[in-house]
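>
Residue numbers (our numbering), protein chains in the order written: chain R, 1 to 114; chain X, 1 to 112.
Shown next, in the form of structure tokens:
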């Protein structure tokens, strides 16, 4: 199993540009989520999905869109990048969001918005 | 809103010492609490998961406890090694909604 994969590893954008961060998992997990990690603030939940076709907002959803057309993929779209979106982005998955389910994390995407 | 706090933010200990990392949360309505390890520039790796009905979990030199009523968890690391140097994060899964809340982490350095 490849686990949770994310592409790209690094990205530099200019303010106003759009892009998609890719996330895929091969463990047949229903629950997938996106976090951003900023210094001194820990990980904050952006969006999550409990299954194909179902998404919901987390703590900091503004400026981001998601969709879940397949179980395996959960892309994160930045609509119009802003310097405040400079961060490290992590995708995670688990079998469900139940009591016994461990979360598995991807290696992260380091995004800089100029 | 659930708030998760980890103290201390950084800790440095000599090799071989036993140590305790702390995690506190404000809302006891949780499904579970998980401890993760993060190495520099890497993703998170799950260490231990404690369900809300459990008091502790053990894996090798690691032991995590949970006191849901007081909103506290501890991660005990026995006989620390330089390879344990990393940032340790705790996260809680809230009962209302499928959302995880993370602490800001404790950066641990074990000195050979």
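Backbone N, C-alpha and C define an ideal beta-carbon position, used for all residues, glycine too.
1. Counting only Cβ-Cβ distances shorter than 9 Å, please list the residues of the segment 94-113 of chain R near chain X, keeping chain order.
2. In the structure shown, what three-state DSSP assignment does residue 83 of chain X receive?
3. When the distance is taken between beta carbons, is residue 6 of chain R closer than 8 Å to residue 115 of chain R?
4. If we ignore side chains and look at the alpha-carbon of each, how far apart do residue 96 of chain X and residue 88 of chain R end up?
5. Identify whether residue 2 of chain X lies in helix, strand or coil by the three-state DSSP scheme.
6. Measure the beta-carbon distance from residue 77 of chain X to residue 66 of chain X and round it to whole angstroms, keeping in mind my assumption that it falls under 8 Å.
7. Which residue spans inside the segment 37-107 of chain X form an unbroken beta strand (DSSP E) run of at least 3?
8. Can residue 104 of chain X and residue 21 of chain X be called in contact, C-beta distance under 8 Å?
9. If you count every other CB in all the chains shown that lies within 10 Å of the CB of residue 111 of chain X, and 16 or more means buried, which is it?
10. Taking residue 40 of chain X as the reference, give the member of X:86, X:75 and X:69 with the closest Cα.
11. Give the DSSP bridge partners of residue 19 of chain X, in chain order.
12. Beta carbon of residue 54 of chain X, beta carbon of residue 90 of chain X: below 8 Å?
According to the structure data:
1. 96, 97, 98, 99, 100, 101, 102, 103, 104, 105, 106, 107, 108 and 110
2. The count along the second chain starts at 1 and reaches residue 83 of chain X at position 83. If DSSP states are grouped into helix, strand and coil, residue 83 of chain X belongs with the helices.
3. Here chain R covers residues 1 to 114 and nothing more, so residue 115 of chain R does not appear.
4. Indexing the second chain from 1 puts residue 96 of chain X at position 96. Indexing the first chain from 1 puts residue 88 of chain R at position 88. Cα to Cα, the separation comes out at about 27 Å.
5. Looking up residue 2 of chain X in the second chain gives position 2. Here residue 2 of chain X sits in coil by DSSP.
6. Counting from 1 along the second chain, the entry for residue 77 of chain X is found at position 77. Counting from 1 along the second chain, the entry for residue 66 of chain X is found at position 66. Residue 77 of chain X to residue 66 of chain X, Cβ: 16 Å. No contact.
7. 44-51, 56-59, 62-67, 72-77, 86-94 and 100-102
8. Here the question's residue 104 of chain X lines up with position 104 in the second chain. Here the question's residue 21 of chain X lines up with position 21 in the second chain. Against a cut-off of 8 Å, the Cβ pair of residue 21 of chain X and residue 104 of chain X comes out as no contact.
9. Here the question's residue 111 of chain X lines up with position 111 in the second chain. Burial call: exposed.
10. Start at 1 with the first residue of the second chain, and residue 40 of chain X comes out as number 40. Here the closest residue by C-alpha is X:86.
11. Within the second chain, numbered from 1, the residue matching residue 19 of chain X stands at position 19. DSSP, once it has assigned bridges, lists X:77 as partnering residue 19 of chain X.
12. Taking the second chain and counting its residues from 1, the one referred to as residue 54 of chain X is at position 54. Taking the second chain and counting its residues from 1, the one referred to as residue 90 of chain X is at position 90. Contact: no.
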